[in-house]
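As given, the protein sequences belong to chains A, B, C, D, E and F, one line each in that order.
Each residue of the first sequence is one higher than the one before, counting from 1 in our numbering.
Each residue of the second sequence is one higher than the one before, counting from 1 in our numbering.
Each residue of the third sequence is one higher than the one before, counting from 1 in our numbering.
Each residue of the fourth sequence is one higher than the one before, counting from 1 in our numbering.
Each residue of the fifth sequence is one higher than the one before, counting from 1 in our numbering.
Each residue of the sixth sequence is one higher than the one before, counting from 1 in our numbering.
Backbone N, C-alpha and C define an ideal beta-carbon position, used for all residues, glycine too.
6 protein chains.
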Amino acid sequence: MPIVTVQVTREGTQPGSDKVTAEEKAAIIQGVSEVLRDVLNKPLESTYVIIEEVDLENWGWGGMPTQHYRQLLAQRKSSTI
Amino acid sequence: MPIVTVQVTREGTQPGSDKVTAEEKAAIIQGVSEVLRDVLNKPLESTYVIIEEVDLENWGWGGMPTQHYRQLLAQRKSSTI
Amino acid sequence: MPIVTVQVTREGTQPGSDKVTAEEKAAIIQGVSEVLRDVLNKPLESTYVIIEEVDLENWGWGGMPTQHYRQLLAQRKSSTI
Amino acid sequence: MPIVTVQVTREGTQPGSDKVTAEEKAAIIQGVSEVLRDVLNKPLESTYVIIEEVDLENWGWGGMPTQHYRQLLAQRKSSTI
Amino acid sequence: MPIVTVQVTREGTQPGSDKVTAEEKAAIIQGVSEVLRDVLNKPLESTYVIIEEVDLENWGWGGMPTQHYRQLLAQRKSSTI
Amino acid sequence: MPIVTVQVTREGTQPGSDKVTAEEKAAIIQGVSEVLRDVLNKPLESTYVIIEEVDLENWGWGGMPTQHYRQLLAQRKSSTI
Numbered sequence: 001m002p003i004v005t006v007q008v009t010r011e012g013t014q015p016g017s018d019k020v021t022a023e024e025k026a027a028i029i030q031g032v033s034e035v036l037r038d039v040l041n042k043p044l045e046s047t048y049v050i051i052e053e054v055d056l057e058n059w060g061w062g063g064m065p066t067q068h069y070r071q072l073l074a075q076r077k078s079s080t081i
Numbered sequence: 001m002p003i004v005t006v007q008v009t010r011e012g013t014q015p016g017s018d019k020v021t022a023e024e025k026a027a028i029i030q031g032v033s034e035v036l037r038d039v040l041n042k043p044l045e046s047t048y049v050i051i052e053e054v055d056l057e058n059w060g061w062g063g064m065p066t067q068h069y070r071q072l073l074a075q076r077k078s079s080t081i
Numbered sequence: 001m002p003i004v005t006v007q008v009t010r011e012g013t014q015p016g017s018d019k020v021t022a023e024e025k026a027a028i029i030q031g032v033s034e035v036l037r038d039v040l041n042k043p044l045e046s047t048y049v050i051i052e053e054v055d056l057e058n059w060g061w062g063g064m065p066t067q068h069y070r071q072l073l074a075q076r077k078s079s080t081i
Numbered sequence: 001m002p003i004v005t006v007q008v009t010r011e012g013t014q015p016g017s018d019k020v021t022a023e024e025k026a027a028i029i030q031g032v033s034e035v036l037r038d039v040l041n042k043p044l045e046s047t048y049v050i051i052e053e054v055d056l057e058n059w060g061w062g063g064m065p066t067q068h069y070r071q072l073l074a075q076r077k078s079s080t081i
Numbered sequence: 001m002p003i004v005t006v007q008v009t010r011e012g013t014q015p016g017s018d019k020v021t022a023e024e025k026a027a028i029i030q031g032v033s034e035v036l037r038d039v040l041n042k043p044l045e046s047t048y049v050i051i052e053e054v055d056l057e058n059w060g061w062g063g064m065p066t067q068h069y070r071q072l073l074a075q076r077k078s079s080t081i
Numbered sequence: 001m002p003i004v005t006v007q008v009t010r011e012g013t014q015p016g017s018d019k020v021t022a023e024e025k026a027a028i029i030q031g032v033s034e035v036l037r038d039v040l041n042k043p044l045e046s047t048y049v050i051i052e053e054v055d056l057e058n059w060g061w062g063g064m065p066t067q068h069y070r071q072l073l074a075q076r077k078s079s080t081i
């Protein structure tokens, strides 16, 4: 009877997309439920999966909002070339 | 000083309603706070209750989004009659 | 298919007890599951309840560990009499 | 590699504001990340911070939705003057 | 930068084992991290996985502690044969 | 009335220590409570802080348990010198 909570940033993985699609969510749910079935013998119907989408300004990394830290990382990378 | 987190699907319980109403939320808050008071002697003012409403496509069950699994269960049920 | 998470301090409610008893846990589980059934028509078998016991030194209140803050509140109270 | 989750009510701290601003969120992220760095020597880039804003009607306190309890506290206070 | 929290009951999946083994935990971590990589293109190093083991008496199902409910389900099943 | 949950690995920051000390926990509680007070004007007594210590084998990073990934990172680093 596992509960799996998946927290991801609310953004797209494909150009032109700005959110996780319903198909991607279904694939995440299927994938993690199968992991619990394969590793711990938990039947699929006993697993609940909760996907939480977090706005980028609500997700901090490196002591700042994620977008800022990503820009910083990109700048550092380009400046070392 | 309990903290109670209640995660429910974002949907209605009555025909025509598509979400948990403010009255239902207030009743949940009162009910679970009273449970903590009655069982553990926690005063009502020391309990925080957080209600998290989860979109149906973000809640997985049976290895798939909840709506799909409910449809599957309904089909299985009708096919055994 | 609600999930209810109940976080409480790991301590007893009765003299001589230093933890939440199995009977108290069962009563909490029954109580909150019945609230979800009564308010949102959720069948008991669709609700999962997780009880998390938190050591007192891991629970902060008033900017300090809970025991310290309780002592402070008790001192304030006695000094105003 | 700490994960810090900050749950706050969705409301403003300044007159005319009804939500936590992006500047306030950035300040929270920076502040708590620095606490983990200063106390546990965790590098800023290893800390994730998640801010969850909770609607007032979804946050219970004193056995009722927060707005109601605040009104009650305000009434009690004014009636004791 | 996903965060995946996996809550499971603290019990074994093999005869003679009463807990989730280190190998099973490693397999869960690998499996769910790969799901996030395959579905959302998240690099493995950006995903944190937290496994929370919950004592059976702290996990409620069907309005009662899980062991009791499992016994009830087993009795119902045997009585319908 | 914020709730701050701080998840850290259960390990020491000083040689010879294998866990977060009570003093470090008190400093974390004070620090994050002051951040909420300074940024959002939340009084210290309205903030709850929960510290969750997670065993190293229960915390995954890089698709594997944290100790393994740290060893891998250390090996990569030394091999590039």
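If you reduce the DSSP assignment to three classes, tell me which class residue i lands in.
i        : result
GLY60(B) : strand
VAL39(D) : helix
GLN14(B) : coil
THR9(A)  : strand
VAL32(C) : helix
Determine the closest residue to residue i out of the options, with distance taken between C-alpha atoms.
i        : options                                   : result
ASP38(D) : LEU73(F), GLN67(F), ALA26(F) and TYR48(F) : ALA26(F)
ASP85(C) : GLU45(C), SER46(C), PRO2(C) and THR66(C)  : It is not possible to answer for residue 85(C), since the shown part of chain C is limited to 1 through 81.
VAL6(D)  : LEU36(F), GLU53(F), TRP59(F) and GLY60(F) : LEU36(F)
VAL32(C) : TYR48(C), LEU73(C) and VAL8(C)            : TYR48(C)
Locate the alpha helix (DSSP H) running through residue i, then write down its first and last residues.
i        : result
LEU44(D) : Element bounds for LEU44(D): n/a, residue is neither H nor E.
THR66(C) : 66-79
Which residues of chain B have a Cβ atom closer than 9 Å to the Cβ of residue i, listed in chain order?
i        : result
TYR48(F) : MET1, ILE3 and TYR48
ALA22(A) : GLU57 and PRO65
For residue i, which residues in the same chain have their Cβ closer than 6 Å to its Cβ, ignoring the five residues on either side in sequence?
i        : result
TYR69(F) : TRP61 and GLY62
GLU52(C) : GLN7
GLN75(C) : none
SER78(E) : none
If you follow the beta strand (DSSP E) that residue i is part of, which residue opens it and which one closes it?
i        : result
VAL20(D) : Run containing VAL20(D): none; DSSP gives neither H nor E here.
Residues of chain A with CB under 7 Å from residue i, in chain order?
i        : result
ALA27(E) : VAL39
Leaving out five residues on either side along the sequence, give the residues of the same chain with a beta carbon under 7 Å from the beta carbon of residue i.
i        : result
THR9(A)  : VAL54, LEU56, TRP59 and THR66
SER17(D) : none
ILE29(A) : VAL49
Name, please, each residue of chain E whose Cβ falls closer than 8 Å to the Cβ of residue i.
i        : result
SER17(C) : In chain order: nothing, as chain E lies at least about 15 Å away.
GLN7(F)  : ILE50
Which same chain residues end up closer than 8 Å to residue i when comparing Cβ atoms and leaving out the 5 residues on each side of it in sequence?
i        : result
PRO2(A)  : LEU36, LEU40, LYS42, SER46, THR47 and TYR48
GLU24(A) : THR13
GLU34(F) : LEU44
ILE50(F) : ILE3, VAL4, THR5 and VAL6
LYS19(B) : ARG10, GLU11, GLY12 and GLU53
MET64(E) : LEU72
In chain D, what lies closer than 9 Å to residue i by C-beta?
i        : result
GLN30(B) : GLY60, GLY63 and MET64
What residues of chain C sit near residue i, judged by a beta carbon separation below 9 Å?
i        : result
THR13(B) : VAL39, LEU40, ASN41 and LYS42
At 7 Å on the CB atoms, spell out the chain E contacts of residue i, in chain order.
i        : result
SER78(C) : By Cβ distance, chain E contributes nothing, its closest Cβ being about 36 Å from SER78(C), past 7 Å.
In chain D, what lies closer than 7 Å to residue i by C-beta?
i        : result
VAL54(A) : ILE50
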